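Numbering (the numbering used here), first residue to last: 119 to 440.
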């Protein structure tokens, strides 16, 4: 048997604001490694405003192609993780006996209760959360809703590149997937993930089949008064929101009831981690995708070496399906 023929490859792509991150994963028999990674920028931010102008299709296609071709990836199969700001994520309880088409119809009805526009304007995907072992008349479904206009715009972008868009992912799911596969944290551990962005932060919690995602806005750097230290301010926001989530969802009484807190994204720095670590008796650390997943080609860019947490979403998208 030729094992090389059985290998699968996928380029995971993160496109958020003007930041482009790519990662090529190669897998075989349930095992995978990261062959190479690359970083770049787009000339315009990817947003709802951007998709209103069809002239932007070629701009995004050219910018993605530039990163892809410069890196010299071997596969053209791609999985794109979109910014969760572009989707709606809901956790919905449904009748435990529903399945197949009946479940899909129920989900569509549930979605229609919180959407203003007709459902024909949206693509709806769902995943049933694993049961917790206790008998229940309900099961929990995580539903993702994205505008068809966004999906169609992305398809047209990739049609103008050398890449074939095989899957559309969401950044928070990609990060959770990476953490579960790379760090293999025990199911009974309460793990918080903090995605630090330019304008907001996103918190999610992994604990058994518990699911939660919460987004929190904070002022951009130029909007903060001079006397306020940005790192200290964001650290306080992280602490406050973690505590609120823990109390509201009966996960404990304080941040110390988390087993670990992982940070990732473009806004992470050493000082912030130091402030949080000194404020709480719990481990705060960056997610480093290459700590446990082999990276076969040594990166030359300092950003990749110094800020591996900025590649979490791209790597998480690349290992989708492995």
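Ideal Cβ positions, reconstructed from N, Cα and C, are used throughout, including at glycine. Keep in mind that this is a model prediction, so the values were computed, not measured.
Asked                                                                                                                             : Found
Close beta carbons around residue 292, own chain, < 6 Å, minus the five adjacent residues each side                               : 199, 431, 434, 435
Stretch-stretch touch, CB-based, cutoff 8 Å, three pairs: the stretch 268-280 with the stretch 220-238                            : no
Residue 340 in three-state terms, based on DSSP                                                                                   : In this prediction, residue 340 has a pLDDT of 48, which is less than 50 and means its spatial position is unreliable; nothing more can be read from the coordinates.
Whole-angstrom C-beta distance between residue 429 and residue 160, which should lie under 8 Å                                    : Rounded, the Cβ-Cβ distance is 17 Å, inconsistent with contact.
Exposure label - residue 404; buried when at least 16 CB within 10 Å                                                              : buried
Alpha-carbon spacing of residue 126 relative to residue 348, whole angstroms                                                      : 43 Å
Best match in 240, 282, 314, 247 for proximity to residue 179 [C-alpha to C-alpha]                                                : 282
8 Å contact criterion, which residue 156 and residue 196 should meet: CB distance rounded                                         : That pair is no contact at about 13 Å.
For residue 434, the three-state DSSP class (helix, strand or coil)                                                               : helix
Euclidean distance between Cα positions of residue 262 and residue 244                                                            : 6 Å
Beta-carbon contacts of residue 412 that lie in its chain and below 8 Å, excluding the five residues immediately before and after : 151, 152
Pick from 318, 363, 374 that is closest to residue 351, judged by C-alpha positions                                               : 318
Where the beta strand (DSSP E) through residue 140 begins and ends                                                                : 126-146
Contact check, residue 260 vs residue 209, beta carbons under 8 Å                                                                 : yes
Residue of 164, 144, 332 minimising C-alpha distance to residue 134                                                               : 164
Expected contact under 8 Å - CB spacing of residue 321 and residue 374 to nearest Å                                               : Wrong, their Cβ atoms sit about 16 Å apart, outside the cutoff.
Cβ pair residue 225, residue 241 closer than 8 Å                                                                                  : no
Unbroken beta strand (DSSP E) run spanning residue 225, endpoints                                                                 : Here residue 225 belongs to no beta strand (DSSP E); instead the alpha helix (DSSP H) covers 218-230.
Nonlocal neighbours in the same chain, by C-beta distance under 6 Å from residue 383, ignoring five residues either side          : 313, 314, 315
For residue 319, the three-state DSSP class (helix, strand or coil)                                                               : strand
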